[in-house]
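Asker: One structure, pasted below without further comment.
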Amino acid sequence: MPRTVVLRPYEDRDLPGTLELRPRVYPGWKDAGDAAWHIAVYEWLGRNPVEAPMHRWVLDDGGAIVGHLAAVPLAYRIGGARVIAYTPTDYMALPGYGFHAVALMRTFFQATESYVACNVAGEVSKIEGLFGPRRVAGLHQAVKVLDLGRYPRLPSPLLRPLAGVASLGLRAVDAIRVRPPNGALDVREEDTATAFDPAFDRFFESAAATIPCMPEKTAAFLRWRYGPGTPRPVRLLTARDAGGSLHGYAMIRTTASADGFILDLMGEPGRRDVGRALLAEAIRRFWRDRAFVVRYRFLPSTASPSTADLARFGFRFPGATRGVLPGARPERQLELSIKLADPASQAAAAAPEHWSYNLGDGEASFWVP
Amino acid sequence: MAIEELEDVAGTIRGWLREHVTGDREVANDEELISSGLLTSLQTVELVLFLDQRFGIDITDDEFVEENFNTVDAVARLVASKRG
């Protein structure tokens, strides 16, 4: 019997259907069936301070929810202008609904004026590609091995003691590399519940004055993105001078599987010492957390640490086809893409060198462990 | 467009489906492609790109609807209507 699939806006009654859909679409994702967590994520998305509504659509096959897509608004500063662009979020459809999955994405592009997304290169970016976005650049990937002894995918368990010994050597080298400088910067951890004060607004405005394209990371945004209620809590490191003025910050997270992520690292543009100091403190914290690896994905800018500094701290830059760790898959390639309604904004944002962008700025990072 | 030309377009689409979707199984002109769940999302994207490249047509948002893609005949009619 021919089926009738209806693409329609999400309604409250679709909550059970979408909660049941996720584990069917992502059977390998352990959090896919965590209903309370997903409900909390949408409550959090609903508190987004951007003054634009989130949209959601579902595919309804005779009362069964077989597909879903949300459009989440975020603000950007592009060429001096404030631009609100939407990101496709929580995109899923059951096998057998391929055409309708593409139709969902078509609805996204019809309903939203401007789009910015940072996707793992693959199926979703190909589907989005049908609707005309422009690829800006692949995010740079820097990976630093901390403790091979804790690496879960060692080719042989027999290597684990050897790897543990090697890691002691790495730690000894790092102890010298990341020694706090004798400079005037004080890098410390601050509470994400209270730290995001007007100094973060001033910091953002001064960065946006020299960097043409970046997410609008005001204090309000940072409170929402990384403060209480965020789906994956982070630790905030700040770099301040003796007078307490803010010169940069980093958001770091160590997952339950001992992966260390630098989700965001913003130094005062041109102040490489700030990036270095934040990087060093982040590494110290990851050692303390017993992370086995540090991953940092970003577009290089005057606000990010330099490649030379990353190399000096022991970061390596994996290629598209090989990982840094033995037996590891290649690192996931993340690509920033845009489709902005305003032609001047589109032209400005098409140049990768105009951007400051970090993994934590993108929707994909809302969901990873 | 003449009936013969419409059949040529349909034949080209059937050939693409055989090569990229069904693995050498012939697809009938009236076989349901979407409601049967035959096409994955990526194959749908690739079919649209193929039509664009092979026939020089640009399928608009409004034309991207199930009625235009559910059978080889429907896709061939869409192509024919756009080629004039």
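Heads up: the protein sequence lines correspond to chains A and B, in order.
Quick note on numbering: the first sequence equals residues 0 to 368 in numbering that gives the first Met the number 0.
Quick note on numbering: the second sequence equals residues 0 to 83 in numbering that gives the first Met the number 0.
C-beta: ideal position from N, C-alpha, C; glycine also.
Kindly indicate which three-state DSSP category residue 11 of chain B falls into: helix, strand or coil?
Answerer: Along the second sequence, one-based indexing puts residue 11 of chain B at 12. Of the three classes helix, strand and coil, the one that applies to residue 11 of chain B here is helix, per DSSP.
Asker: Keeping to the same chain, check which residues put their C-beta closer than 6 angstroms to that of residue 17 of chain A; ignore five residues upstream and five downstream.
Answerer: What you label residue 17 of chain A is simply residue 18 of the first sequence in a count that begins at 1. The residues are 64 and 67.
Asker: Residues of chain B with a CB under 7 angstroms from the CB of residue 101 of chain A: which are they?
Answerer: For this step, residue 101 of chain A is matched to residue 102 along the first sequence. Here the neighbours are 40, 43 and 44.
Asker: If you compare alpha carbons, which of A:84, A:69, A:135 and A:28 is closest to residue 341 of chain A?
Answerer: The residue given as residue 341 of chain A occupies position 342 in the first sequence. Ranking the options by Cα distance to residue 341 of chain A, first place goes to A:84.
Asker: Would you mind working out which of A:311, A:207 and A:245 sits nearest residue 183 of chain A, comparing C-alpha positions?
Answerer: Reading the first sequence from its first residue, position 184 is the one you call residue 183 of chain A. For residue 183 of chain A, the nearest C-alpha among the options comes from A:245.
Asker: Give me, in chain order, the residues of the same chain whose beta-carbon lies closer than 8 angstroms to that of residue 4 of chain B; leave out the 5 immediate sequence neighbours on both sides.
Answerer: On the second sequence, position 5 is the one that residue 4 of chain B refers to. Excluding positions up to five away in sequence, the list reads 79.
Asker: Could you work out which residue in B:37, B:24, B:32 and B:22 is closest to residue 74 of chain B when comparing CA atoms only?
Answerer: Residue mapping note: residue 74 of chain B aligns to position 75 of the second sequence, counting from 1. The candidate whose alpha carbon is nearest that of residue 74 of chain B is B:32.
Asker: With DSSP run on the structure shown, which of helix, strand or coil describes residue 80 of chain B?
Answerer: If you number the second sequence from 1, residue 80 of chain B lands on position 81. Three-state result, residue 80 of chain B: helix.
Asker: For residue 7 of chain A, is the classification buried or exposed, using 16 other Cβ atoms within 10 angstroms of its Cβ as the cut-off for buried?
Answerer: Position 8 of the first sequence, counted from the first residue, corresponds to residue 7 of chain A. Exposed is the call here.
Asker: At a Cβ threshold of 8 angstroms, is residue 126 of chain A touching chain B?
Answerer: One-based indexing of the first sequence puts residue 126 of chain A at position 127. By this cut-off, residue 126 of chain A is an interface position.
Asker: Would residue 36 of chain B pass as an interface residue toward chain A - the criterion being a Cβ-Cβ separation below 8 angstroms?
Answerer: Position 37 of the second sequence, counted from the first residue, corresponds to residue 36 of chain B. Judged by the 8 angstroms Cβ criterion, residue 36 of chain B is in contact with chain A.
Asker: Using 8 angstroms as the limit for Cβ to Cβ distance, is residue 112 of chain A near chain D?
Answerer: No chain D is present in this structure, whose protein chains are A and B.
Asker: Just to check, is the beta-carbon of residue 51 of chain B closer than 7 angstroms to a non-hydrogen atom of the ligand HEM?
Answerer: For the structure depicted, the ligand HEM is absent and the ligand set is empty, with no information on it obtainable.
Asker: With a threshold of 8 angstroms on Cβ separation, who are the neighbours of residue 45 of chain A within its own chain once the five nearest residues in sequence on each side are excluded?
Answerer: Looking up residue 45 of chain A in the first sequence gives position 46. If we look at residue 45 of chain A and ignore the five residues flanking it on each side, its Cβ neighbours are 53.
Asker: In the DSSP assignment, find the alpha helix (DSSP H) that holds residue 37 of chain A and state where it starts and stops.
Answerer: Numbered from its first residue, the first sequence carries residue 37 of chain A at position 38. First-last of the alpha helix (DSSP H) with residue 37 of chain A: 34 to 45.
Asker: Any Cβ of chain B within less than 8 angstroms of the Cβ of residue 133 of chain A?
Answerer: Counting from one through the first sequence, the residue named residue 133 of chain A turns up at place 134. With 8 angstroms as the cut-off, residue 133 of chain A does not count as an interface residue toward chain B.
Asker: Kindly indicate if chain B contains any beta-carbon less than 8 angstroms away from that of residue 98 of chain A.
Answerer: Taking the first sequence and counting its residues from 1, the one referred to as residue 98 of chain A is at position 99. It does; some Cβ of chain B falls within 8 angstroms.
Asker: Thinking residue 303 of chain A and residue 297 of chain A are a contact (beta carbons under 8 angstroms), I'd like their distance in whole angstroms, please.
Answerer: Walking along the first sequence from the start, residue 303 of chain A turns up at place 304. Walking along the first sequence from the start, residue 297 of chain A turns up at place 298. So it is a contact: roughly 5 angstroms between Cβ atoms.
Asker: Alpha carbons only, please: which of A:278, A:285 and A:228 is nearest the one belonging to residue 254 of chain A?
Answerer: Residue mapping note: residue 254 of chain A aligns to position 255 of the first sequence, counting from 1. Closest by alpha carbon: A:285.
Asker: When the distance is taken between beta carbons, is residue 291 of chain A closer than 8 angstroms to residue 149 of chain A?
Answerer: Position 150 of the first sequence holds residue 149 of chain A. Position 292 of the first sequence holds residue 291 of chain A. Yes; because the gap between Cβ atoms is below 8 angstroms, this pair is in contact.
Asker: Mind listing the chain A neighbours of residue 33 of chain B? Cutoff is C-beta to C-beta under 7 angstroms, in chain order.
Answerer: If you number the second sequence from 1, residue 33 of chain B lands on position 34. Here the neighbours are 98.
Asker: Contact defined as beta carbons within less than 8 angstroms: I believe residue 361 of chain A pairs with residue 250 of chain A. What is the distance between those atoms, to the nearest angstrom?
Answerer: One-based indexing of the first sequence puts residue 361 of chain A at position 362. One-based indexing of the first sequence puts residue 250 of chain A at position 251. Incorrect: roughly 13 angstroms between the Cβ atoms, too far for contact.
Asker: Considering just the uninterrupted stretch of the alpha helix (DSSP H) at residue 200 of chain A, what are its terminal residues?
Answerer: Position 201 of the first sequence, counting from 1, holds the residue named residue 200 of chain A. Looking at the DSSP string, the run of the alpha helix (DSSP H) that includes residue 200 of chain A is 197 to 207.
Asker: Taking only beta-carbon positions, decide if residue 54 of chain B is within less than 8 angstroms of chain A.
Answerer: One-based indexing of the second sequence puts residue 54 of chain B at position 55. Not one chain A Cβ lies under 8 angstroms of residue 54 of chain B.
Asker: Out of curiosity, what's the CA-to-CA distance linking residue 13 of chain A and residue 28 of chain A?
Answerer: Taking the first sequence and counting its residues from 1, one reaches residue 13 of chain A at position 14. Taking the first sequence and counting its residues from 1, one reaches residue 28 of chain A at position 29. In a straight line, the C-alpha of residue 13 of chain A is about 21 angstroms away from that of residue 28 of chain A.
Asker: Using the C-alpha atoms, what's the distance from residue 222 of chain A back to residue 199 of chain A?
Answerer: Mapped onto the first sequence, residue 199 of chain A falls at position 200. Mapped onto the first sequence, residue 222 of chain A falls at position 223. Straight-line Cα distance between these residues: approximately 10 angstroms.
Asker: According to DSSP, is residue 28 of chain A helix, strand or coil?
Answerer: For the purposes of this step, residue 28 of chain A is taken as the residue at position 29 of the first sequence. In this structure, residue 28 of chain A counts as coil in the three-state DSSP scheme.
Asker: Assign residue 2 of chain B to one of two classes, buried (16 or more other C-beta atoms within 10 Å of its C-beta) or exposed (fewer than that).
Answerer: One-based indexing of the second sequence puts residue 2 of chain B at position 3. Classification of residue 2 of chain B: exposed, given that the 10 Å Cβ count is below 16.
Asker: Just to confirm, is the Cβ distance from residue 265 of chain A to residue 75 of chain A under 8 angstroms?
Answerer: One-based indexing of the first sequence puts residue 265 of chain A at position 266. One-based indexing of the first sequence puts residue 75 of chain A at position 76. No.
Asker: Checking the sheet assignment: what are the DSSP bridge partners for residue 297 of chain A?
Answerer: Here the question's residue 297 of chain A lines up with position 298 in the first sequence. For residue 297 of chain A, which the question treats as bridged, DSSP gives the partners A:139 and A:357.
Asker: Would you say residue 65 of chain B reaches chain A, if we count a Cβ-Cβ gap shorter than 8 angstroms as a contact?
Answerer: The sequence position of residue 65 of chain B within the second sequence is 66, counting from 1. Yes, residue 65 of chain B counts as interfacial toward chain A.
Asker: Would residue 161 of chain A be called buried (16 or more neighbouring beta carbons within 10 Å of its own) or exposed?
Answerer: Counted from its first residue, the first sequence places residue 161 of chain A at position 162. Classification of residue 161 of chain A: exposed, given that the 10 Å Cβ count is below 16.
Asker: Locate the beta strand (DSSP E) running through residue 71 of chain A, then write down its first and last residues.
Answerer: Position 72 of the first sequence holds residue 71 of chain A. Per DSSP, residue 71 of chain A belongs to the beta strand (DSSP E) from 63 to 77.
Asker: Going by C-alpha distance, which of A:218, A:194, A:77 and A:252 is nearest residue 381 of chain A?
Answerer: As shown, chain A starts at 0 and ends at 368. That puts residue 381 of chain A outside it, with no answer to give.
Asker: For residue 277 of chain A, collect the residues of the same chain with a Cβ closer than 8 angstroms to its Cβ; drop the 5 residues on either side in sequence, then sort them by chain order.
Answerer: As a working note, residue 277 of chain A is residue 278 in the first sequence. Around residue 277 of chain A: 186, 236, 238, 247, 248, 249, 264, 266 and 304.
Asker: Is the beta carbon of residue 233 of chain A closer than 8 angstroms to that of residue 259 of chain A?
Answerer: To locate residue 259 of chain A, count along the first sequence from 1; it is residue 260. To locate residue 233 of chain A, count along the first sequence from 1; it is residue 234. No, these two residues do not count as a Cβ contact at 8 angstroms.
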